Amino acid sequence: MESVLQSVQGFMYPNEVELQWGILIVLYPFTTGLVAGAFILASLERVFNVEAVKPTYRLALLTALAFLLVAPLPLQLHLGHPERSLEMYLTPHTESAMAMFGFVYLWYLMVVLVLEIWLDYRKDIVLMWRESSGPTRWLYGAMALWSDNISPASLALDDRIGRALTVVGIPSAFLLHGYVGFIFGSVKANPWWSTPLMPIVFLFSAIVSGIAAVMLVYMVTAWWRERAFDMGCLDTVARYLFYAFMIDFSLEMLDLIHRIYEADESFRALDFMVHTRLYTSQVLVQILAGTIVPLGMLGLVQLVQLSEKARRRIYAMAGVLTLIGVFAMRWNVVIGGQLFSKSFLGYTSYKMNFATREGLLPAILLLILPFVILAVLIRLLPPWKVQRHGAGVSG
Amino acid sequence: MNPDRRAFLQKTGKLLVLSASASVAWEAIVAGRPETAENYKMSDHWWGMVIDIDVCIGCGSCVRACKEENDVPREPLFFRTWVERYQVTPDDLEHPTVDSPNGGYDGFPVKDKVDEKVKHFYVPKLCNHCHQSPCVQVCPVGATFVSPDGVVLVDKTYCLGCRYCVQACPYGCRFIDPRTETVDKCTLCYHRITKGLTTACCETCPTGARQLGDLKNPKDPIHEFLREHHVLVLKPQMATGAKVYYNGLDGSVR
Amino acid sequence: MSGWLKDKGHLARMAGLFAFGITAFLVFRWLMVPAGFGLYGHYRAGALDDAGARPLHYAGRAACEGCHTDIVEARQGSRHARIGCEACHGPLIKHAQAPTEVKPTRPDGRVLCVRCHETNPWKPKGFPQVKVADHSDSGPCTACHKPHAPKIS
Chain A
2 MESVLQSVQG FMYPNEVELQ WGILIVLYPF TTGLVAGAFI LASLERVFNV EAVKPTYRLA
62 LLTALAFLLV APLPLQLHLG HPERSLEMYL TPHTESAMAM FGFVYLWYLM VVLVLEIWLD
122 YRKDIVLMWR ESSGPTRWLY GAMALWSDNI SPASLALDDR IGRALTVVGI PSAFLLHGYV
182 GFIFGSVKAN PWWSTPLMPI VFLFSAIVSG IAAVMLVYMV TAWWRERAFD MGCLDTVARY
242 LFYAFMIDFS LEMLDLIHRI YEADESFRAL DFMVHTRLYT SQVLVQILAG TIVPLGMLGL
302 VQLVQLSEKA RRRIYAMAGV LTLIGVFAMR WNVVIGGQLF SKSFLGYTSY KMNFATREGL
362 LPAILLLILP FVILAVLIRL LPPWKVQRHG AGVSG
Chain B
191 MNPDRRAFLQ KTGKLLVLSA SASVAWEAIV AGRPETAENY KMSDHWWGMV IDIDVCIGCG
251 SCVRACKEEN DVPREPLFFR TWVERYQVTP DDLEHPTVDS PNGGYDGFPV KDKVDEKVKH
311 FYVPKLCNHC HQSPCVQVCP VGATFVSPDG VVLVDKTYCL GCRYCVQACP YGCRFIDPRT
371 ETVDKCTLCY HRITKGLTTA CCETCPTGAR QLGDLKNPKD PIHEFLREHH VLVLKPQMAT
431 GAKVYYNGLD GSVR
Chain C
117 MSGWLKDKGH LARMAGLFAF GITAFLVFRW LMVPAGFGLY GHYRAGALDD AGARPLHYAG
177 RAACEGCHTD IVEARQGSRH ARIGCEACHG PLIKHAQAPT EVKPTRPDGR VLCVRCHETN
237 PWKPKGFPQV KVADHSDSGP CTACHKPHAP KIS
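Which chain is which? The protein sequence lines are A, B and C, in order. Residue 86 in our numbering is what sits at position 85 of the first sequence, and the numbering runs on without skipping anything. Residue 267 in our numbering is what sits at position 77 of the second sequence, and the numbering runs on without skipping anything. Residue 152 in our numbering is what sits at position 36 of the third sequence, and the numbering runs on without skipping anything.
In structure tokens form, the structure reads like this:
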């Protein structure tokens with residue numbers, strides 16, 4: 002406790018010295034952002050019929066599902082009383098931005114993702130049910146709801162409903178992440194958060210991170226399976242990433258310029274914070290390494306004819322940098338918003354523990370977990386055509 | 191006092207010598223059951239407070255009494271009420287020098303060097319019991335609320351510990367009690383004011399710098415005070431409906 | 117499966133699953149929402165009683181004055197007359213409840229008096245303040261000043 006007090010510079014209200022939200026709350030918007038972004042990429046293929054990105058469609062859906070399953074875990078770990086979290090469903094406070102989380106989450110998980118994946122995979126599930134035996138057979142049977150009708154008429158119906166769901170899904174993805182931005186953007190007591198741009202900035206950075214993540218997952222899985230990359234697909238995805246990134250960057254710069262020009266009562270304090278305690282994570286990592294560099298790399302590909310190998314390398318590097326940049330953006334919003342006093346007279350610092358409930362270790366585990374889930378999902382529901390034994394079942 | 195007389199008083203009951211309102215309170219206190227204070231009707235009250243900066247001497251009695259009365263953690267960080275010490279250069283309201291060592295719990299030891307050209311004063315702080323409170327607005331489950339008599343309270347058996355309300359309070363009045371992992375804040379001594387007593391901080395303030403007031407009671411002296419002084423609430427731009435009114439509040443106070 | 121449902125059987129099962137889930141949720145909610153929730157507003161009405169049921173520590177001035185009438189008299193007209201007893205004597209509900217068993221301790225004047233009356237530019241100008249080091253030697257303040265009526269006459 003005494004050491005916490007020592008990190009205070011200037012004056013803070015006594016109760017403000019301790020940070021309320023740590024790295025787990027940084028993880029939460031990062032994870033939901035990946036979900037929303039991956040889903041929006043998947044929707045491109047379905048709604049706008051972009052054939053080139055088809056190889057990533059199912060992969061994007063499974064990635065979204067894997068991350069969505071993990072999204073509430075950092076929140077649960079953070080809560081003082083996780084056992085009471087069901088109260089969000091029992092007595093949601095309709096005036097609270099946070100109260101709707103449970104419902105937005107369930108809607109997105111059950112109605113959008115699970116249903117869409119189910120409809121898209123139903124034929125494969127039924128085929129795998131027929132082929133397998135033992136517990137696997139039971140599992141696939143359960144997933145098919147023990148209905149083995151894969152007549153052309155039923156599949157056509159599935160496709161129609163699936164498309165309708167995607168159309169509903171896009172605004173839902175916007176809702177899911179725009180809403181996360183609103184949780185921060187609507188806190189009028191905190192000038193670092195309180196801006197109507199926050200949901201939009203969150204949304205576009207989510208799209209950016211989701212596209213980058215799916216692109217990387219596609220590259221890794223193709224490399225793992227020793228398949229040639231579909232460069233047409235990769236180029237298209239990278240182009241979308243570039244466009245989305247341009248919009249995201251413009252919005253973030255608009256926010257920055259607006260703050261600097263308006264220079265309200267909080268400006269001096271925030272400006273000081275960005276130049277000192279937030280300099281590395283905000284200026285160096287987020288803006289420079291995480292935005293300008295990958296944007297430049299992706300822009301280069303659009304302008305100059307490069308070899309396939311060079312493009313692959315650029316995509317991989319740009320993808321990784323983008324994810325780091327978006328993570329840094331979440332960090333700077335969540336942690337940065339708590340480093341200064343609401344009196345604008347002082348600053349504190351964030352001391353991250355390692356192996357505690359809200360420490361770095363659980364955060365790392367929660368970042369690995371979605372990939373484990375994704376690996377399981379890919380095994381269970383292969384996104385690509387698999388060699389099957391037996392006759393008459395070629396997918 | 192002579193022992194016989196004391197025994198007599200105890201035997202015959204204190205009701206005879208206590209004032210009417212306090213007698214009811216006393217009965218409830220002795221019984222240990224708050225519900226005996228049956229004459230308290232929530233809808234008849236609307237609580238607020240007046241703080242007179244001009245008479246605050248920074249003794250820290252309020253801070254100590256609050257921690258004692260409400261079992262507030264003694265660690266150096268957590269306060270339901272605290273006192274800030276301001277130093278302001280008269281022509282530079284935007285850059286006051288402020289501190290609040292241990293929230294004022296130990297009073298304020300005199301600093302060696304004091305610039306006489308600078309304005310000095312104390313500012314006691316506590317929950318403003320806003321009736322448009324952002325902390326109540328953001329609570330996802332209804333664990334914090336404005337009571338029918340205008341006090342912002344926390345349901346400690348229902349609070350999730352999500353800390354959103356701590357973020358939403360513009361005044362830094364909330365904290366997480368490390369013992370319960372739930373949020374804690376000033377209750378305006380709800381267990382006292384519902385029994386006809388005043389808050390612990392007002393009870394122990396030696397100069398009357400803090401005065402509890404019932405804004406629904408037309409006879410309460412708070413009305414006269416508000417009428418006769420130029421009062422302000424903290425951060426009026428936040429539009430929270432704060433009900434702690436400051437007299438003599440300097441423009442530099444945040 | 118025949119007729120209208122022929123190619124919709126799987127969808128009907130999924131719809132059934134959703135319907136079951138929603139019903140189960142509504143039943144669960146109906147069972148689990150605490151009693152009294154929503155009576156006065158979006159909160160548990162019992163929380164008001166909880167907040168009101170905390171133990172008292174400060175008895176309040178009226179309780180003291182019921183017995184200590186001599187002190188009331190002594191304070192009459194003094195500059196300390198309006199100060200709550202427990203501001204100096206500390207929380208004394210236990211003493212008030214059992215006057216003979218629980219005895220309060222006498223406050224230390226060198227701490228208590230000084231806290232209020234040591235000269236300090238933060239204090240309001242009109243408030244009586246002294247530089248304690250210059251004002252007296254290390255003796256107790258009460259040697260000259262009666263705490264309940266401090267003016268030396």
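Ideal placement from N, C-alpha and C gives every residue a C-beta, glycine not left out. Since the structure is predicted, the reported quantities are computational estimates derived from the model, not experimental observations.
Query	Result
By Cβ distance below 6 Å, which residues in the same chain neighbour Ile336 (chain A) in space, the five residues on each side in sequence not counted?	Tyr351
Ignoring anything shorter than 4 residues, give me the alpha helix (DSSP H) runs that lie fully in the region 96-166 of chain A, in order along the chain.	102-107, 116-132, 135-144
From A:Asp272, A:Pro30, A:Pro384, pick the residue whose C-alpha is nearest to that of Ser206 (chain A); which is it?	A:Pro30
Check whether the Cβ atoms of Val331 (chain B) and Glu132 (chain A) lie closer than 8 Å to each other.	no
For a contact defined as C-beta to C-beta under 8 Å, what are the partners of Thr277 (chain A) on chain C?	What Thr277 (chain A) touches in chain C: nothing, since even the nearest Cβ is about 30 Å away.
List the residues that DSSP assigns as beta-bridge partners of Phe50 (chain A).	At residue 50 (chain A) the sequence reads Asn, which differs from the Phe that was named. According to DSSP, Asn50 (chain A) bridges with nothing at all.
How about Trp22 (chain A) and Arg353 (chain B): do their beta carbons lie closer than 8 Å?	yes
Compare the C-alpha of Tyr109 (chain A) against each of A:Thr95, A:Ala65, A:Asp125, A:Glu84 and name the closest.	A:Ala65
Classify Leu235 (chain A): buried if its beta carbon has 16 or more other beta carbons within 10 angstroms, exposed otherwise.	buried
Name the chain C residues whose beta carbon is nearer than 8 Å to that of Glu393 (chain B)?	Tyr174, Gly176, Arg177, Gly200, Glu202, Ala203
Using C-beta distances below 6 Å, list every residue in its chain close to Pro150 (chain C), excluding the 5 sequence neighbours before and after it, in chain order.	Arg160
Starting from the C-beta of Val245 (chain B), find all residues in its chain whose C-beta is less than 6 Å away, skip the five residues before and the five after it, and write them out in chain order.	Thr397, Ala399
In whole angstroms, what separates the C-alpha of Cys252 (chain B) from that of Glu259 (chain B)?	10 Å
Would you list, in sequence order, the uninterrupted alpha helix (DSSP H) runs of no fewer than 4 residues that lie entirely inside the region 238-304 of chain A?	268-276, 294-304
How many angstroms separate the CA atom of Ala53 (chain A) from the CA atom of Tyr241 (chain A)?	12 Å
Using 10 angstroms around the beta-carbon of Leu289 (chain A), count the other beta-carbons present and answer buried if the total reaches 16, otherwise exposed.	exposed
Could you tell me which chain A residues have their CB closer than 8 Å to the CB of Lys124 (chain C), listed as they occur along the chain?	Ser155, Leu158
Decide if the region 302-321 of chain A is in contact with the region 355-375 of chain A; the criterion is three or more beta carbon pairs, one per stretch, under 8 Å apart.	no
Which ranges would you report for the alpha helix (DSSP H) in the region 249-295 of chain B if only whole runs of at least 4 residues count?	251-260
Between the Cα of Tyr20 (chain A) and the Cα atoms of B:Cys379, B:Val356, B:Trp272, which residue gives the shortest distance?	In the sequence as displayed, the identity of residue 20 (chain A) is Leu instead of Tyr. When each option's Cα is compared against that of Leu20 (chain A), the closest is B:Val356.
What number of angstroms, rounded off, separates the C-alpha of Val127 (chain A) from the C-alpha of Ala154 (chain A)?	15 Å
Closer than 8 Å by beta-carbon distance: list the chain A residues that pair up with Tyr348 (chain B), in chain order.	Arg85, Glu88
Who are Val143 (chain C)'s beta bridge partners in DSSP?	Its beta-bridge partners do not exist; DSSP assigns none.
Whole angstroms is fine: what's the gap from Arg47 (chain A)'s alpha carbon to Met111 (chain A)'s?	19 Å
Please look up how many angstroms separate the CB atoms of Pro223 (chain C) and Cys204 (chain C), rounded, as I've assumed it's under 8 Å.	5 Å
Which of the three DSSP states is assigned to Tyr435 (chain B) in this structure?	strand
Which residues bound the alpha helix (DSSP H) around Gln401 (chain B)?	First-last for Gln401 (chain B): 400-404, but that is the beta strand (DSSP E), not the alpha helix (DSSP H).
When the distance is taken between beta carbons, is Glu117 (chain A) closer than 8 Å to Gly163 (chain A)?	yes
Using the Cα positions of Ile241 (chain B) and Tyr436 (chain B), report the straight-line distance between them to the nearest angstrom.	5 Å
Quick one: grab the DSSP three-state call for Ala356 (chain A).	coil
Between Asp296 (chain B) and Gly250 (chain B), is the Cβ-Cβ spacing less than 8 Å?	yes
Tell me whether Lys239 (chain C) is buried or exposed, calling it buried when 16 or more other Cβ atoms sit within 10 Å of its Cβ.	buried
Strictly under 8 Å for the Cβ-Cβ distance: is Leu267 (chain B) near chain A by that measure?	yes
Does the Cβ of Lys214 (chain C) have 16 or more other Cβ atoms within 10 Å, making it buried, or fewer, making it exposed?	Just to set this straight, residue 214 (chain C) is Ala in the shown sequence, not Lys. Exposed.
Helix, strand or coil, according to DSSP, for Ser211 (chain B) in the structure here?	Any reading at Ser211 (chain B) is ruled out, since the residue's pLDDT is 47, under 50, leaving its predicted position unreliable.
Do Lys309 (chain B) and Pro280 (chain B) have their beta-carbon atoms positioned less than 8 Å apart in this structure?	yes
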